[in-house]
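Everything below concerns the one structure shown next.
Number of protein chains: 2
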Amino acid sequence: MTSRGVVLRLIGCLVLVMSHASFSQDAAQIARAYHQAETARIVSDFRAFLSLPNVAANYADMQVNAEFIQRYIAKRGFSSKVISAGGAPYVIAERLGAEGAPSVLIYAHFDGQPVIPSQWSSPPFEPTLWSDNPLAAGAYMLPWEQDVFDPQWRVVARSAGDDKAPVIALMAAIDALVASGDMPDITIKLFLDGEEERGSPTLAGVLAEVASDVEADLLLFCDGPMHQSGRRQLVLGVRGSMTVDLTTYGPNRPLHSGHYGNWAANPSETLMRLLVSLKDQSGRITVKGYTDDVRPISAQEVAAVSAMPRVDALIKRDLGLSESEFAGERLENAIMRPAIVVRGLSGGGVGAEARNIIEPSADASLNLRLVPGQKPEAVLASLKAHFERMGMTVSAKEPALGTAREKHVKMVARPGGYRAFRTPIETPAVSQLKGILDRLGDQETLVTPTMGGSLPIYLFEDNLDAPIVILPVANHDNNQHGRDENLRLANLFSAIEMYAEVLAGLAQRPR
Amino acid sequence: MTSRGVVLRLIGCLVLVMSHASFSQDAAQIARAYHQAETARIVSDFRAFLSLPNVAANYADMQVNAEFIQRYIAKRGFSSKVISAGGAPYVIAERLGAEGAPSVLIYAHFDGQPVIPSQWSSPPFEPTLWSDNPLAAGAYMLPWEQDVFDPQWRVVARSAGDDKAPVIALMAAIDALVASGDMPDITIKLFLDGEEERGSPTLAGVLAEVASDVEADLLLFCDGPMHQSGRRQLVLGVRGSMTVDLTTYGPNRPLHSGHYGNWAANPSETLMRLLVSLKDQSGRITVKGYTDDVRPISAQEVAAVSAMPRVDALIKRDLGLSESEFAGERLENAIMRPAIVVRGLSGGGVGAEARNIIEPSADASLNLRLVPGQKPEAVLASLKAHFERMGMTVSAKEPALGTAREKHVKMVARPGGYRAFRTPIETPAVSQLKGILDRLGDQETLVTPTMGGSLPIYLFEDNLDAPIVILPVANHDNNQHGRDENLRLANLFSAIEMYAEVLAGLAQRPR
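Taken in sequence, the protein lines are chains U and E. FYI, UniProt numbering numbers position 73 of the first sequence as 73, with every residue one higher than the one before it. FYI, UniProt numbering numbers position 23 of the second sequence as 23, with every residue one higher than the one before it.
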């Protein structure tokens, strides 16, 4: 290489470094200036998107959501298609950079959990603006027409926190960068899931169809809440999730609780005995074989958790709790263990519907959260064997006529259960992304080994080569899955800034 | 005494004996002929009475029922008044015999358990006619217009079995006897309760007001089902009953079951642990002190139970059960023990309403059935102490702000709980009544120490001198308290015959 060559390369590097630094700095500032100027429009777009009912079981509703997204992203230069593999629709899209530009695949989902409207402070698909979390004392509703939007306010609607914000925020980031004339050269691909809250039962089919189209240098999963400390975080894993429904049986017709009380088997009591037997007093799972396949936690993961701010005391106070299930265990460690959550329990009526009868059956719904190594089939088999050791007949069917109903338990795993996933901390993309986000400057980005929640990431792991990292944007107290789900406006705004920074940073990635 | 006097007395006795025998024979035959001729009219009256909604909490509805009864019994020569002591109305009535005639006080109730109409095969207050128990395979609905009513058919409506039949059947018996010209000389008093299914919370006040008016030679409680063998029975006792509602607490807002599952306390799981701890595997109550006051079962009671036909195997087969709670124990003994029945259980949703959240609270409703000796306050205190020994704070209130919600249990005993009652078998009225009913001839009348169900008999024991015996008329499979409650027509007809026989028999009672 000639000395002129060396000088030219040095200048080239210098320009690259300078442009890198100034460009990144610009991206955050550009995004901030943009969302401050366009707040009303961005919030209005978010509100319109949230107004579309999005329970995944209703395909017609999901189609309306998909078409809304297509129109919305087309304005930002995305080509897209809506596909389905027999389930709810998915939106697959891309906005191409120059030939050979770095690429990023962004995942989000646009369906939401089912709703029980009567429990909500306002109808779940008529978004409202609140001064605070509607479940907080003193929170009140505000009119939508505002000159200035306080970042502490909340937008309340199903999917406000989980997971309609990423589409709106990402498009605002692109709008900001395009408007500034500094749009980074990067290929952006979108994989928008219309049935995540049902466990994405047809995702495998969809991925099989589009895997080659969505391959990228990095897969960024945009879902889940930020750390409870309010800190930005990169999350490297998710728990797997399964739903198991149980039904126990008593007499084949309702019986008077006086005439038959402590003679006839009570299905509510049978159900409780079965469920209580799954854990010991401290919350440790006692089902033989259930945890056999669990992958050990690595030393780096232990170190990463230790480096995180402790939030347990704060969250407990906030939630009105004095102790965690496993006394003294910090949340970040608890979610690295498998969980069995009794999410639903129903036997006879309570309150005004209570009657003095012994019911023919009682029901429970379990949410099983799996950790890396656990296989859904093995977990289910261990549960079945556990109940059988307790003297029960376990089957996916109702008890047959003439059988011992009180010894029968119907156990049905709902379709769509899946295993966990965890990216090793030492993966290069992890430190690269942390570096990009740390440029935002206000705080160091946390690296969290896993979130407690679930995403069907294992399928992407099976089908794509891209390293996978999760970048959550929602406030931790977004009431996701429950009533009065919400997004704090500050989180919407910071998401716009993060996405701008990430697009700019990734565009600089050595190819 | 002269020989003429002796002869006259002998003739008198002979006439009395002869008239007694022939009169009794007549009463059953008269009643049978009458209800066979008047079936359509009697069934139609029953249907009209059952068409009146009668959930005791709705006083206006209960007033309509009371007025129906007043009109209905006035036609049979009863004077009546409707009174209340701040609760639902009661109907107090009498039909006087000659001065010094024997007297009987008949108790029945005309309210019913709350309904969940969606569970019923037909609307609970639109009576329907069925070929069999609607819960039986192959049962079908029939038109009301019939030339002949098969005694196996069922009238289906709330309170068909519990407890509107006695008023209709008793009036039919009186109609039959009056029409025959052989109406026995007896004073019949009625005490008709409009709030029994709520535990008759104001019965004490009503009794205090009317005790002297309703005093009689015998109090006949007309409620409850006949023996499962189908045999007529006199029942000498009832269990007491209390309702205790429990609420347990988790986080003060719904939490995502993934992000917080096996860290945040789950109120459903806390509730189950508390409830399961109340009994051992065999159903024996393990709450310290709970059974301390239980009155021992007498040798006569043991003997009476032993003399009864064993129905356990039959009932188990009928109900699809293979074993009773306390393995091998016969039903008649099980109901002499105190029962804790979890009648309602609710935490989160099941089925289509299940969501992946940890709920802020969970609820249960317990029906406690007490036996003689147990005092409601002592039972409640032992439950409270039991939960406290498990580390819980027990209070009738919600947890205060800032407290450990997961260690709080709200425990509320609903008003109207009451203690048990049992008439000793050796009471003369018991053998007298058994003698009268045995004249019906088809079968020997069973004498049952107690029923499993509850009636507020203890208040009558406290306020009246009359011996108290229960004479049930409903089929045992009447689905009382549950959906598709029903009365078998044969039971309505046999009730008419029994009442006629009892009125005739009691009229002969030595004063």
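Backbone N, C-alpha and C define an ideal beta-carbon position, used for all residues, glycine too.
Rounded Cβ spacing between V82(U) and V91(U) (contact assumed at less than 8 Å): Their Cβ separation, rounded to whole angstroms, is 6 Å, which keeps V82(U) and V91(U) in contact under 8 Å.
- request: Kindly give me the distance between the Cβ atoms of P251(U) and A264(U), rounded to whole angstroms, as I take these residues to be in contact under 8 Å.
  value: Contact holds; Cβ gap of about 5 Å.
field: For V294(E), the three-state DSSP class (helix, strand or coil)
entry: The answer is coil: DSSP assigns V294(E) none of H, G, I, E or B.
Top-ranked residue by Cα proximity to G230(U), from V473(U), E501(U), Q480(U) and D185(U): Looking at the Cα atoms, V473(U) is the closest of the given residues.
field: Beta-bridge pairing of G141(U) - partner residues as DSSP gives them
entry: Here residue 141(U) turns out to be Met, not Gly, going by the sequence shown. M141(U) is bridged to W130(U).
query: Buried or exposed: which applies to E145(E), given that a residue is buried once 16 or more other Cβ atoms fall within 10 Å of its Cβ?
result: Exposed is the label assigned to E145(E), since fewer than 16 other Cβ atoms lie within 10 Å of its Cβ.
- prompt: Where in the segment 313-365 of chain E do unbroken runs of the alpha helix (DSSP H), each at least 4 residues long, occur, reported from the N-terminal end onward?
  reply: Runs of the alpha helix (DSSP H) lying entirely within the segment 313-365 of chain E, each at least 4 residues long, are 331-334 in chain order.
- request: Quick one: residues in its chain with C-beta nearer than 6 Å to the C-beta of V214(E), no 5 flanking neighbours on either side, listed in chain order?
  value: Here the set comprises L105, K189 and F191.
- request: For K375(U), count neighbouring Cβ atoms within 10 angstroms of its own Cβ and tell me buried if that reaches 16, exposed if not.
  value: Per the 10 Å Cβ criterion, exposed.
query: Can you find a C-beta in chain U that's less than 8 Å from the C-beta of R419(E)?
result: Not closer than 8 Å to any Cβ of chain U, the Cβ of R419(E) fails to qualify, so no.
field: Under 7 Å by beta carbon: chain U residues contacting K407(E)
entry: Result: S322.
message: Looking at chain U, is there any beta carbon in it that lies within less than 8 Å of the beta carbon of V276(E)?
response: Yes, V276(E) lies at the interface with chain U (some Cβ there is under 8 Å from its Cβ).
- prompt: Are any of the Cβ atoms in chain E nearer than 8 Å to that of L16(U)?
  reply: Reliability of the predicted coordinates at L16(U) is poor, the pLDDT of 41 falling under 50, and the value obtained from them is presented with this limitation in mind. L16(U) is outside the set of residues whose beta carbon lies under 8 Å from a beta carbon in chain E.
task: Using the Cα positions of L278(U) and A354(U), report the straight-line distance between them to the nearest angstrom.
output: Counting only the Cα atoms, A354(U) lies some 28 Å from L278(U).
- prompt: If you follow the alpha helix (DSSP H) that D477(E) is part of, which residue opens it and which one closes it?
  reply: Note, D477(E): premise wrong, no alpha helix (DSSP H); not H, not E.
- request: Please confirm if S306(E) has its CB atom under 8 Å from at least one CB of chain U.
  value: It does not: the Cβ of S306(E) has no partner Cβ on chain U nearer than 8 Å.
task: Check each residue of the segment 472-497 of chain U: if its Cβ is closer than 7 Å to any Cβ of chain E, include it; give the result in chain order.
output: Legend: CB atoms of the segment 472-497 of chain U lying less than 7 Å from CB atoms of chain E belong to residues N479, Q480, H481, G482 and R483.
message: If distances are taken between C-alpha atoms only, which option among P309(E), Y499(E) and E197(E) comes closest to R414(E)?
response: For the residues P309(E), Y499(E) and E197(E), the minimum Cα distance to R414(E) belongs to E197(E).
field: Cβ-based neighbour list, A173(U), same chain, cut-off 7 Å, excluding 5 preceding and 5 following
entry: Excluding residues within five positions, the ones whose Cβ falls inside 7 Å are A31, I496, Y499, A500 and L503.
- prompt: So with Cβ pairs under 8 Å, would you call P254(E) a contact of chain U?
  reply: Interface annotation, P254(E): in contact with chain U, CB-CB separation under 8 Å.
message: Please list, in chain order, the chain E residues whose beta carbon lies closer than 8 Å to that of G416(U).
response: Within 8 Å Cβ-Cβ: nothing; G416(U) doesn't reach chain E, min ~12 Å.
- prompt: Whose Cβ in chain U lies nearer than 7 Å to the Cβ of R273(E)?
  reply: Against R273(E), the close residues of chain U are V276, in the order they occur along the chain (beta-carbon pairs closer than 7 Å).
Positions along the segment 107-123 of chain E whose CB lies within less than 7 Å of some CB in chain U: Shown in chain order are the members of the segment 107-123 of chain E whose Cβ falls below 7 Å from a Cβ of chain U: Q113, P114 and I116.
- request: Identify the continuous alpha helix (DSSP H) that holds L275(E) and give its terminal residues.
  value: Taken as a continuous stretch (DSSP letters only), the alpha helix (DSSP H) holding L275(E) covers P267 to V276.
query: What residues in its chain sit with their C-beta under 6 Å from that of L135(U), if we drop five residues either side in the sequence?
result: Once the five neighbours on either side are set aside, the close Cβ partners of L135(U) are D484.
message: Against chain U, with Cβ distances strictly below 8 Å, would D363(E) count as a contact?
response: By this cut-off, D363(E) is an interface position.
- request: Taking only the alpha-carbon atoms, compute the straight-line gap between M494(U) and A216(U) and give it to the nearest angstrom.
  value: According to the sequence provided, residue 494(U) is Ser. The question's Met does not apply to it. The alpha-carbon atoms of S494(U) and A216(U) are separated by roughly 25 Å.
task: Would you kindly work out how many angstroms separate the C-alpha atoms of S257(U) and S268(U), rounded to a whole number?
output: Within the model, the alpha-carbon separation for S257(U) versus S268(U) is close to 13 Å.
query: Counting contacts by CB-CB distance shorter than 8 Å, is G289(U) in contact with chain E?
result: Not an interface residue.
- request: Return yes when the Cβ of W153(E) is within less than 8 Å of the Cβ of W120(E), no when it is not.
  value: No Cβ-Cβ contact shorter than 8 Å links W120(E) with W153(E).
field: Residue from G289(U), E209(U), Q63(U) and G97(U) with nearest C-alpha to A385(U)
entry: A385(U) has its Cα closest to that of G289(U), out of G289(U), E209(U), Q63(U) and G97(U).
query: Would you say the segment 240-248 of chain E touches the segment 400-413 of chain E, given that touching needs at least three Cβ pairs under 8 Å?
result: Result yes; three or more Cβ-Cβ pairs closer than 8 Å.
- prompt: With 16 other CB atoms within 10 Å as the buried threshold, where does I357(U) fall?
  reply: With 16 or more Cβ atoms within 10 Å of its Cβ, I357(U) is classed as buried.
Supposed close pair H408(E), T427(E) - CB separation, criterion 8 Å: At roughly 48 Å, the Cβ-Cβ gap does not stay under 8 Å, so H408(E) and T427(E) are not in contact.
- prompt: With a Cβ-Cβ cutoff of 8 Å, do R369(E) and A400(E) count as a contact?
  reply: It is not a contact, given that the beta carbons lie outside the stated cut-off.
field: chain U contact residues for P399(E), given Cβ-Cβ distances below 9 Å
entry: For the C-beta of P399(E), the chain U residues within less than 9 Å are, from N- to C-terminus, G320.
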